[in-house]
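Everything in the sequence shown is counted per the numbering used here, starting at 400 for the first residue and increasing by one.
Don't be surprised by glycine CBs; every beta carbon is placed ideally from N, CA and C.
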Amino acid sequence: MVGGAQSAAPSLSQVFGLHPAEALLLAVPLGLAAILVAGLVALLRRSADLRRRVTALEQHRPAGDADLAALRADLGQALRHVAVVRYDAFGDMGGRLSFSAAIVDDDGDGLVVSSIHARGESRTYAKGVVGGSSDATLTPEEQQALAAARTGKENP
């Protein structure tokens, strides 16, 4: 090249020795092929993205039957059955300020807490419960609270 002149890229007709009309007919399918390849690449990328999203969703799927059974077993051991019985521990006191509260799981394991309110003091007691019974003697109010917690009824 002399004098800095630049030559244009050769056309299809010059490269293949084709008539300009023949080159145009060849360019159309090549252009369509390029569009199809670009579309295919975009489709493959989208497909890979969707595959990643489906995999992520499958990992966060709802619990299956085994998972539900384990959750039910765990829930059965939760201290979720509660009942409270309020009463007057002493005949001369009013307002039913004393109480017994039973807190147990599905098997009847848990505890009973009682607070006895008198004029000058309050005393609080806790008794462990296994299978619906306690090693310590339960008062009638504690037994009533425990029965109500286990049955779900206020007056068993």
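Of the other Cβ atoms in all chains shown, 16 or more fall within 10 Å of the Cβ of Gln543; this residue is therefore buried. A straight line joining the alpha-carbon of Val528 with that of Leu545 spans about 9 angstroms.
In the same chain as Glu553, and ignoring 5 residues on each side of it, the C-beta atoms closer than 8 angstroms to its own belong to Ala482, Ala547, in chain order. The C-alpha of Val503 lies about 15 angstroms from the C-alpha of Asp534.
When Gly416, Thr538, Gly430, Leu429 are compared, the shortest CA-CA separation from Tyr486 is found for Thr538.
Residue pairing by DSSP puts Ala525 in a beta bridge opposite Val512. One thing to note: Ser499 has its Cβ no nearer than 7 angstroms to the Cβ of Ser521. Within the model, the alpha-carbon separation for Gly493 versus Ala525 is close to 24 angstroms. In the displayed model, Arg451 falls within a helix according to three-state DSSP. Per DSSP, Ala501 is one residue of the beta strand (DSSP E) stretching across 497-503. Per the C-alpha coordinates, the member of Leu467, Phe489, His418 positioned closest to Gly519 is Phe489.
Comparing C-alpha distances from Val484 to each of His418, Val511, Gly430, Val440 shows the shortest one belongs to Val511.
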